[in-house]
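Chemist: Below you'll find the structure I mean.
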Amino acid sequence: MRHFRSLLKKDIRLLVSGKFFLMSLGCLILYTLYVNFGYLRFVNAQLYNVYLYDPVGTQAAVSELMQRVSSAEELDMALREDTNGVGIDAGTGTVRILMYEGTEHADRHRADYALSLLRPAEHGAAETIGSNTPEQKARKEITCELLFFEITAVGFLGMASVLFKEKSMGIIRVHAILPLQKNLFVLSKLVIFLLSDLLFAVLLSSLNAGLPDTIALLPAILLQTTFLSLIMALAGLICSLLLKDFRQFTLAYLVLAVFVATPVFLSANTAVKLDWIRFHPFYHLYMGLKHAYFQTSTPGPSYCLGCAAAIASLFAAVQVLFLREMRKEI
Amino acid sequence: MKGLHYQLKSVLHDKFCLMSFLLPLVVAAALNTVGMMDFSSLGELHFGILEHDLPGQTITWLEQYGPVTAYPTQKDLEDAIKEPSTNLIGVKADGKAIRTILSGDELDLFRQTADTLPALYEQRELSRQAEICVLERPDVMAKFHEMFLVVTLIVAMFMGCTFNAMNMISEKEDGVALINEILPMTARQYALQKLAIGFVLGCLSAIFTAAICFRLPPVKAALLLALIVLSSFVSALIGLLIGRISDTLMVGVIYIKLVLLVFMAVPILSFLVGIRNPLVQSICYFVPSQATFEGIMDLANGGTATAIRDGVILAGHCAGWFLLYLLLSKRKRMHASLT
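The listed protein sequences derive, respectively, from chains A and B.
The first sequence lines up with residues 1 to 330 when you count with our numbering.
The second sequence lines up with residues 331 to 669 when you count with our numbering.
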């Protein structure tokens with residue numbers, strides 16, 4: 001235990017000197033600013049505006065959602081500015097609908113919707129069965145994405161930078177001749193990265209997803225963060241043990257960031273569903289985290305067992321590689 | 331000249347630099363050949379219904395507005411509605427009418443559509459009494475496609491900073507920087523050689539990318555070339571600064587990523603949000619890539635006036651960054667002579 005404590009202390013010092021914690025704090029501040037002052041403003045899609053040109057007043061009772069314009073030119077101008085809008089030209093006696101082309105289905109809906117505003121009817125509100133408001137949804141979604149990105153990309157990079165530094169300082173060589181259990185070396189790193197990721201998850205969620213929501217969701221989020229953090233830290237260790245130097249590692253990181261993360265984000269957050277995505281392991285990890293934020297489903301035993309098995313096999317692989325590395329060093 | 335030859339040799343041995351050089355080319359080729367993914371389904375309405383709940387003609391009526399998916403049980407339907415990544419509108423029979431179900435976290439467009447859908451259904455017989463005139467508009471996606479191409483080009487240009495920064499940092503790490511100090515080479519020669527490397531490779535990468543992406547008449551191609559040359563020079567200068575201030579590869583990589591992120595994010599955001607405020611617009615121009623982006627977009631859309639103005643702004647950037655570099659090296663020299 002004493003050995004483990006001193007290893008922990010050494011790793012913490014290394015991370016502090018490598019400015020890892022400072023970088024995490026910087027990321028936290030940057031993300032929080034982005035979510036609160038940037039992202040939420042972009043997410044908005046209004047229903048199509050409907051503009052009515054009716055100089056002789058043929059349309060008596062129109063909905064208050066309709067915007068009246070005074071001339072045909074003004075109608076053209078309004079549509080050119082707002083290409084999703086629909087114009088109704090009642091100037092010639094008959095009703096004519098003007099709009100810029102969209103998709104086939106959407107066009108039909110826009111036309112029928114615009115016409116329905118000429119005959120205002122009582123309409124109720126749709127039944128609501130979910131518990132999130134649009135803002136809550138946007139906040140949870142972006143927080144989930146940022147947390148996933150931070151752990152997969154930045155945690156991965158951080159682990160590698162520490163290991164390469166230790167390699168260059170000769171710590172692995174020193175460790176090979178120390179009378180310590182060999183897995184303590186890996187364990188102490190995992191513990192630090194896990195704790196820092198958990199702390200990051202707590203802070204990021206409570207600052208961005210709303211404190212009252214976060215308290216209820218925290219156990220589920222922390223469970224998913226634990227899985228993800230351990231898997232990524234071990235993957236980072238494997239890559240940095242296999243690759244020669246940090247430069248090669250950054251290439252692996254680039255591949256991971258571009259080719260691994262993009263399809264996952266695309267499938268998980270938009271209606272674009274790729275058929276092969278269920279074979280992508282990161283998709284399941286991401287969905288696990290997303291389910292935790294939205295409480296849409298609890299992780300089943302097969303998912304938990306799968307994660308545990310992945311962690312165990314990655315750990316075994318790290319052990320083998322680490323012993324090989326030590327033998328090489330002696 | 332001989333020094334430059336050695337510098338180029340050492341950069342070309344570096345896989346990271348080679349990859350940085352090829353990445354924009356690969357992305358541009360992919361964007362050009364594969365084309366854009368079909369995102370048109372994103373703005374569409376999607377409906378979810380229960381099996382054996384709605385009559386056939388109602389389903390046909392719904393299908394004219396968007397795809398309809400039938401779910402076997404109430405729970406499946408509710409789960410699909412609650413699924414946060416989609417904006418599915420649930421539709422159920424309500425006597426002769428219909429009623430709609432939402433999860434409540436949808437954007438306004440989907441909420442209002444769901445609210446008004448039952449009224450639309452009631453009026454379905456009356457609907458088609460108007461003449462519908464659909465005006466053609468340029469493909470909305472084409473605009474985004476163009477944006478992606480220009481951003482790829484910007485990445486290619488500003489990759490220039492990667493070459494000399496990585497080269498300088500790895501020299502520091504390997505100790506070559508110390509050897510350089512005793513070689514008969516002045517600090518100015520060293521800086522010029524490194525600048526030339528970032529500039530030449532950044533330029534080449536951008537020119538190849540531009541050749542893949544754009545087909546322009548000669549005058550505009552010349553303007554594009556001018557923009558590329560100026561931007562590559564700015565990025566080479568920035569690379570020189572990064573190489574100077576970062577001591578380890580890790581720190582260097584972080585700086586480069588930050589610079590690339592800012593250089594990509596500012597033009598993309600200002601393009602998507604459509605900034606009108608002149609003050610914010612001029613603040614955006616403090617990031618060199620903004621001028622490049624606006625200029626190339628203008629050229630791609632057939633104009634030249636903005637491109638010329640942006641060329642002048644970029645020339646200003648070149649001068650500004652160069653002065654900053656000179657100032658910093660003068661300071662360092664003074665600092666060194668004091669100690």
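Glycine included, every Cβ here is placed at the ideal spot set by N, Cα and C.
These numbers come from a predicted model, not from an experiment.
Using 8 Å as the limit for Cβ to Cβ distance, is residue 476/B near chain A?
Modeler: The sequence position of residue 476/B within the second sequence is 146, counting from 1. No, its Cβ sits nowhere closer than 8 Å to a Cβ of chain A.
Chemist: Under 8 Å: do the segment 508–517 of chain B and the segment 588–602 of chain B share three or more Cβ pairs, one atom per stretch?
Modeler: no
Chemist: Chain B beta carbons: is any one of them nearer than 8 Å to that of residue 284/A?
Modeler: Residue numbering aside, residue 284/A sits at position 284 when the first sequence is read from its first letter. With 8 Å as the cut-off, residue 284/A does not count as an interface residue toward chain B.
Chemist: Just the C-alpha distance for residue 605/B and residue 246/A, rounded to the nearest angstrom, thanks.
Modeler: As a first step, residue 605/B must be located in the second sequence, where it is residue number 275. As a first step, residue 246/A must be located in the first sequence, where it is residue number 246. Taking the straight line joining both Cα atoms gives about 40 Å.
Chemist: Kindly indicate which three-state DSSP category residue 464/B falls into: helix, strand or coil?
Modeler: Here residue 464/B corresponds to residue number 134 of the second sequence, with the count starting at 1. In this structure, residue 464/B counts as strand in the three-state DSSP scheme.
Chemist: In chain order, what residues of the same chain lie with their CB nearer than 7 Å to the CB of residue 441/B, ignoring the 5 residues before and after it?
Modeler: Within the second sequence, numbered from 1, the residue matching residue 441/B stands at position 111. Once the five neighbours on either side are set aside, the close Cβ partners of residue 441/B are 432.
Chemist: Which chain B residues sit within Cβ distance under 8 Å of residue 116/A?
Modeler: As a first step, residue 116/A is located in the first sequence; it is residue number 116 there, counting from the start. For the C-beta of residue 116/A, the chain B residues within less than 8 Å are, from N- to C-terminus, 446, 449, 450, 453, 457.
Chemist: Ignore the nearest five residues each way along the sequence and tell me which others in residue 392/B's own chain have a CB closer than 7 Å to its CB.
Modeler: Position 62 of the second sequence holds residue 392/B. Cβ neighbours of residue 392/B within its own chain (closer than 7 Å, five residues either side excluded): 377, 398, 421.
Chemist: Helix, strand or coil: how does DSSP classify residue 66/A here?
Modeler: Numbered from its first residue, the first sequence carries residue 66/A at position 66. In the structure shown, residue 66/A sits in a strand (DSSP, three-state: E or B).
Chemist: Is the beta carbon of residue 489/B closer than 8 Å to that of residue 351/B?
Modeler: In the second sequence, residue 351/B corresponds to position 21, counting from 1. In the second sequence, residue 489/B corresponds to position 159, counting from 1. Yes, these two residues count as a Cβ contact at 8 Å.
Chemist: Quick check: what's the CA-CA separation for residue 298/A versus residue 284/A?
Modeler: Within the first sequence, residue 298/A is the residue found at index 298, counting from 1. Within the first sequence, residue 284/A is the residue found at index 284, counting from 1. Computed Cα separation, rounded: 13 Å.
Chemist: In chain B, what lies closer than 9 Å to residue 105/A by C-beta?
Modeler: Here residue 105/A refers to the residue found at position 105 when the first sequence is read from its first residue. Simply 374, 375, 393, 394, 395, 396, 397.
Chemist: Work out the CA separation of residue 361/B and residue 561/B for me, nearest whole Å.
Modeler: The count along the second sequence starts at 1 and reaches residue 561/B at position 231. The count along the second sequence starts at 1 and reaches residue 361/B at position 31. Distance between the alpha carbons of residue 561/B and residue 361/B is about 22 Å.
Chemist: In or out: residue 178/A buried (at least 16 other Cβ within 10 Å) or exposed?
Modeler: As a first step, residue 178/A must be located in the first sequence, where it is residue number 178. Residue 178/A comes out exposed.
Chemist: Please go through the same chain and pick out, in chain order, the residues whose beta-carbon is closer than 8 Å to the beta-carbon of residue 11/A, but skip the five residues on each side of it.
Modeler: Your numbering for residue 11/A matches position 11 in the first sequence. Correct list, in chain order: 162, 188, 189, 192.
Chemist: Cα separation between residue 49/A and residue 424/B?
Modeler: Stepping through the first sequence from its first residue, residue 49/A is reached at position 49. Stepping through the second sequence from its first residue, residue 424/B is reached at position 94. Residue 49/A and residue 424/B: Cα-Cα distance of roughly 29 Å.
Chemist: Should the segment 444–451 of chain B be regarded as contacting the segment 83–91 of chain A, the criterion being three or more beta carbon pairs within less than 8 Å?
Modeler: Two segments are said to touch when three or more pairs of C-beta atoms, one from each, lie closer than 8 Å; by this definition the segment 444–451 of chain B does not touch the segment 83–91 of chain A.
Chemist: Residue ranges of each alpha helix (DSSP H) run of no fewer than 4 residues wholly in the segment 169–224 of chain A, ordered along the chain?
Modeler: 171–177, 183–208
Chemist: How do the segment 529–544 of chain B and the segment 475–483 of chain B stand: do at least 3 beta-carbon pairs fall below 8 Å, yes or no?
Modeler: Output reads yes: the segment 475–483 of chain B touches the segment 529–544 of chain B.
Chemist: Using 8 Å as the limit for Cβ to Cβ distance, is residue 461/B near chain A?
Modeler: Position 131 of the second sequence, counting from 1, holds the residue named residue 461/B. At least one chain A Cβ lies under 8 Å of residue 461/B.
Chemist: In whole angstroms, what separates the C-alpha of residue 370/B from that of residue 466/B?
Modeler: Reading the second sequence from its first residue, position 40 is the one you call residue 370/B. Reading the second sequence from its first residue, position 136 is the one you call residue 466/B. A caution first: residue 370/B carries a pLDDT of 49, below 50, which makes its placement in the model unreliable, though a value can still be read off. Cα-Cα distance, rounded: 16 Å.
Chemist: Is there contact here, the segment 105–114 of chain A with the segment 162–177 of chain A, by at least three beta-carbon pairs under 8 Å?
Modeler: no
Chemist: Would a check of beta-carbon distances place residue 67/A closer than 8 Å to chain B?
Modeler: Mapped onto the first sequence, residue 67/A falls at position 67. Residue 67/A does not count as touching chain B.
Chemist: Under the three-state reduction of DSSP, which class applies to residue 90/A: helix, strand or coil?
Modeler: Taking the first residue of the first sequence as 1, we reach residue 90/A at position 90. Residue 90/A: coil per DSSP, three-state reduction.
Chemist: Are the beta-carbon atoms belonging to residue 496/B and residue 347/B less than 8 Å from one another?
Modeler: In the second sequence, the residue the question calls residue 496/B occupies position 166. In the second sequence, the residue the question calls residue 347/B occupies position 17. Contact check for residue 496/B against residue 347/B passes: the beta carbons are separated by less than 8 Å.
Chemist: Just to confirm the assignment: which complete beta strand (DSSP E) runs, minimum length 3, are found wholly within the segment 265–328 of chain A?
Modeler: For the segment 265–328 of chain A, not a single whole beta strand (DSSP E) run of length 3 or above is found.
Chemist: Would you say residue 501/B reaches chain A, if we count a Cβ-Cβ gap shorter than 8 Å as a contact?
Modeler: Along the second sequence, one-based indexing puts residue 501/B at 171. No, its Cβ sits nowhere closer than 8 Å to a Cβ of chain A.
Chemist: For the segment 563–586 of chain B, which residues have a beta carbon sitting closer than 9 Å to at least one beta carbon of chain A?
Modeler: 578, 579, 580, 581, 583, 584
Chemist: Tell whether a beta-carbon distance below 8 Å holds between residue 317/A and residue 217/A.
Modeler: What you label residue 317/A is simply residue 317 of the first sequence in a count that begins at 1. What you label residue 217/A is simply residue 217 of the first sequence in a count that begins at 1. No, Cβ-Cβ distance for residue 317/A and residue 217/A is not below 8 Å.
Chemist: Cβ atoms of residue 207/A and residue 311/A: under 8 Å apart, would you say?
Modeler: Taking the first residue of the first sequence as position 1, residue 311/A is located at position 311. Taking the first residue of the first sequence as position 1, residue 207/A is located at position 207. No, Cβ-Cβ distance for residue 311/A and residue 207/A is not below 8 Å.
Chemist: Does DSSP put residue 544/B in a helix, in a strand, or in coil?
Modeler: Position 214 of the second sequence, counted from the start, is the residue given in the question as residue 544/B. Coil, per DSSP.
Chemist: Per DSSP, what are the beta-bridge partners of residue 99/A in this structure?
Modeler: Residue 99/A sits at position 99 when you count from the first residue of the first sequence. According to DSSP, residue 99/A bridges with 86/A, 464/B.
Chemist: In chain A, which residues lie less than 8 Å from residue 414/B when you measure between Cβ atoms?
Modeler: Sequence index remark: in the second sequence, residue 414/B carries index 84 (1-based). Simply 132, 137, 140, 141, 290, 294, 296.
Chemist: Starting from residue 377/B, trace the alpha helix (DSSP H) in both directions and tell me its first and last residue.
Modeler: Counting from 1 along the second sequence, the entry for residue 377/B is found at position 47. Where residue 377/B is concerned, there is no enclosing alpha helix (DSSP H), although the beta strand (DSSP E) it sits in stretches over 377–380.
Chemist: Cβ of residue 521/B less than 8 Å from any chain A Cβ?
Modeler: Working through the second sequence from its first residue, we reach residue 521/B at position 191. Against chain A, the CB of residue 521/B has no partner CB under 8 Å away; the residue lies outside that interface.
Chemist: Roughly how many angstroms lie between the CA atoms of residue 30/A and residue 142/A, to the nearest whole one?
Modeler: Here residue 30/A refers to the residue found at position 30 of the first sequence. Here residue 142/A refers to the residue found at position 142 of the first sequence. Rounded to the nearest angstrom, the two C-alpha atoms are 13 Å apart.
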